[in-house]
């Protein structure tokens, strides 16, 4: 990072979350930050058009992608990497997202892997491809949902990673053949403001 980026990091007392509200990859980190309860600065940038990404953002993340999380410990880009590091970056509250046992840890890892594998299938279905493959995958995921959260009684990184994508698919396709996923979505919206905060009336898909 250039000197501007280094000074910016040094001057940051609370984490700064650089994002766009409509991006699902950014939303999953947004949910995780809200769950921790940490005080953080929310900085939204435009991604396209004449008011697109500002120069300082390119200095911060040459890849040009959101989200980016700045903290006293460094600058982190890529939503999956940020989720992995949040318990370490956010000293006060980050532990809320740590699994309570090795079995839950395995479930969280499995869910995050399954969601990432589902994304290209979902993209194909939304763009006019076969919905059969998507529904088959979602019904497999539905059987894994333990309730009330995906891995049990407590919110985990699995919920943060899955919610923006499954919420979009339910909005688009009405996943009535996936009752556990629908029940989980409703529970997250109704019982946890961290999820409800990130829901937008206008939103993007993941491509």
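Numbering (the numbering used here), first residue to last: 104 to 310.
The C-beta atom is built at its ideal place from N, Cα and C for all residues, glycine as well.
Anyone know if the C-beta pair for residue 121 and residue 171 falls short of 7 Å? yes
Nearest-angstrom Cβ-Cβ length linking residue 306 and residue 125, presumed shorter than 8 Å: 5 Å
Apart from the five residues on each side of it in sequence, which residues of its chain come closer than 6 Å, Cβ to Cβ, to residue 236? 224
Counting only runs of 3+ residues fully inside the region 129-190, write out the beta strand (DSSP E) ranges in chain order. 144-147, 171-174 and 177-180
Limits of the alpha helix (DSSP H) - the one that residue 212 falls within: 205-229
Of all the beta strand (DSSP E) runs that stay within the bounds of the region 225-261, which reach a length of 3 or more residues? none
Using a Cβ distance threshold of 8 Å, determine whether the region 236-254 contacts the region 280-293, with at least three qualifying pairs required. yes
Can you tell me where the alpha helix (DSSP H) with residue 299 in it begins and where it stops? 296-299
Drop a sphere of 10 angstroms on the beta-carbon of residue 106, count the other beta-carbons inside from all chains shown, and report buried for 16 or more, exposed for fewer. Confidence at residue 106 is low in this model, with a pLDDT of 35, below 50, so the placement of that residue should be treated as unreliable; the coordinate-derived value is given next. So residue 106 ends up on the exposed side.
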